[in-house]
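Chains as they are written, first to last, in our numbering: chain A, 1 to 217; chain B, 1 to 271.
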């Protein structure tokens, strides 16, 4: 069992990881890279099935146990079932034909439920940001004051009203984005990239095993 | 009193935002719009393409960000179709398919652009960055058919395109992952095409390092970027009119920040 649970997954991760690195640097292996990218896409598609199973399992358990908020879970499961049925029906063409999104039930659900619901969620941000900014954006220290002034300049400079107030505001906003922001972002990006390389190497060489379900040492 | 000001009921804030934005939507007024260098660079990139050349637009956004990225997509498509460029559209997000299809056909109809000749929609394929990699190696292995089931080898718009190497200009309109970084890492760096991006306003600061490094030719950030693009193509629409509520919203939020700070300092001086 240890071989199947530990040794084999570690070996697969090591081989896959090393091949991923080598194919990037050895151009003659491009055909293998193409093939492995196709395999990755197939695995990705199966991961979606796993995600669907996980989602339905979680919500079904919540409904069965009458846990708090079970009604929301029922809506989720119901919405999933209805959408799936319309996708399979596909305006009478069946599940294996090209999916019709322009008309039919699936198109209607997409245009009249998913699009407005998604846009509504996003537009609610304006209210939450206003409330959060009022409560938390205080010049409690010199650093916070600098951040506050920079934020106000960028907020005004990024919309046309800024240019109407002063022609220098958009330029100042652009400078803030181009210089201090870019320096900070670049530092973060380099740090994240180095961290990703280190984590990848740890996984490839079997040092990092938390993905196997083992506790970190 | 000062304490009450500092802990102002959030419903008051919501009400002020609602009224301000609603009034800005209802009352017609205009702000002067001028294009920033990053938006101008995207415009120039499209402008330098000749009639009949191909441009690929990746619609990597879903319904939640369509209010920001939808007007951007429309403005770019208007520019492309008015220049009689061939447009290949693709999406790396499953929820992006419906939006792409409706925006593409809405704009194409205005220019009498013919499907298969002037534009093609490849649809969605699972795999995120792996799809970009496959498109770079062999477009027809990544997408053998378009969203309508037509073979890529038979359509005029895609007949001569075998890889991303054959496409001179690509624009990625993205709301997150997969997005700009994936298109740079697995596409632009390896296959050498020119890349520009349109992103949501909150994502724009993340993309700035790629502008300076030259990996991105230009950048449209949020609805403001879309409005600047509309201004450049001389077709002011959804994004430009969206600048009214956005400007008012920003001013109200700044007003609340200043008001909160005033109450904070007054409270501190008293204690």
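For each residue, glycine too, the CB sits at the ideal point set by N, CA and C.
Keep in mind the model is a prediction, meaning the values are calculated, not measured.
- 102, 106, 107, 110, 111, 114, 115, 116, 117: these are the residues of the segment 102-117 of chain A whose beta carbon lies less than 9 Å from some beta carbon of chain B, given in chain order.
- In this structure, the beta-carbon distance from residue 62 (chain B) to residue 93 (chain B) falls below 8 Å.
- The C-beta distance from residue 157 (chain B) to residue 88 (chain B) rounds to 6 Å, short enough to fall under 8 Å.
- Three or more pairs of CB atoms, one per stretch, sit closer than 8 Å, so the segment 63-78 of chain B contacts the segment 116-135 of chain A.
- Residue 213 (chain B) and residue 171 (chain A) have their C-alpha atoms some 21 Å from each other.
- The Cβ atoms of residue 167 (chain B) and residue 196 (chain B) do not sit closer than 8 Å to each other.
- Contact annotation for residue 48 (chain A) against chain B: 126 [CB-CB distance below 7 Å, chain order].
- Within the segment 33-57 of chain B, those residues whose Cβ lies closer than 9 Å to any Cβ of chain A are, in chain order, 33, 34, 36, 37, 38.
- What residue 243 (chain B) touches in chain A, judged by beta-carbon distance under 9 Å, is 159, 160, 161, going in chain order.
- Within its own chain, no residue has a Cβ closer than 7 Å to the Cβ of residue 23 (chain B) once the five positions on either side in sequence are excluded.
- Under a 10 Å Cβ-count criterion, residue 125 (chain B) is classified as buried, with 16 or more other Cβ atoms of the shown protein chains found around its own Cβ.
- Inclusion of residue 208 (chain B) and residue 158 (chain A) in the CB contact set at 8 Å is not warranted, their separation being larger than that value.
- With the criterion set as a beta carbon lying under 9 Å from some beta carbon of chain A, the members of the segment 92-107 of chain B are 94, 95, 97, 98, 99, 101, 102, 105, in sequence order.
- Only buried fits residue 62 (chain A), as 16 or more other CB atoms lie within 10 angstroms of its CB.
- Annotation: residue 262 (chain B) is outside any beta strand (DSSP E); the continuous alpha helix (DSSP H) that includes it extends over 238-270.
- DSSP places residue 190 (chain B) within a helical segment (H, G or I) once states are collapsed to three.
- Listed in chain order, the alpha helix (DSSP H) elements of length 4 or more contained wholly in the segment 46-94 of chain A are 70-89.
- Taking a C-beta distance under 8 Å as the contact criterion, residue 156 (chain A) and residue 146 (chain A) do not qualify as a contact pair.
- Taking the beta carbon of residue 172 (chain B) as reference, no residue of chain A falls within 8 Å; the closest one sits roughly 18 Å away.
- Within the segment 71-153 of chain B, the complete alpha helix (DSSP H) segments at least 4 residues long are 96-110, 129-137, 139-142, listed from N- to C-terminus.
- By the CB criterion at 8 Å, residue 71 (chain B) and residue 234 (chain B) fall outside the cutoff.
- Within the segment 167-188 of chain A, those residues whose Cβ lies closer than 8 Å to any Cβ of chain B are, in chain order, 170, 174, 177, 178, 181, 182, 185, 186.
- Shown here for residue 208 (chain A): same chain residues with a beta carbon closer than 7 Å to its own, the five before and five after excluded, namely 199, 202 in chain order.
- C-alpha of residue 229 (chain B) to C-alpha of residue 50 (chain B): approximately 19 Å in a straight line.
- Three or more Cβ pairs drawn from the segment 99-114 of chain B and the segment 68-86 of chain B lie within less than 8 Å of each other, which places the two stretches in contact.
- Look at residue 169 (chain B) here: in three-state DSSP terms it is strand.
- A direct Cα-to-Cα measurement between residue 127 (chain B) and residue 40 (chain A) gives close to 7 Å.
- Annotation for residue 206 (chain B): the continuous alpha helix (DSSP H) segment containing it runs 204-212.
- For residue 196 (chain B), the secondary structure class from DSSP, reduced to helix, strand or coil, is strand.
- Taken through DSSP and simplified to helix, strand or coil, residue 161 (chain B) comes out as coil.
- Collapsing the DSSP output to three states places residue 57 (chain B) in a strand.
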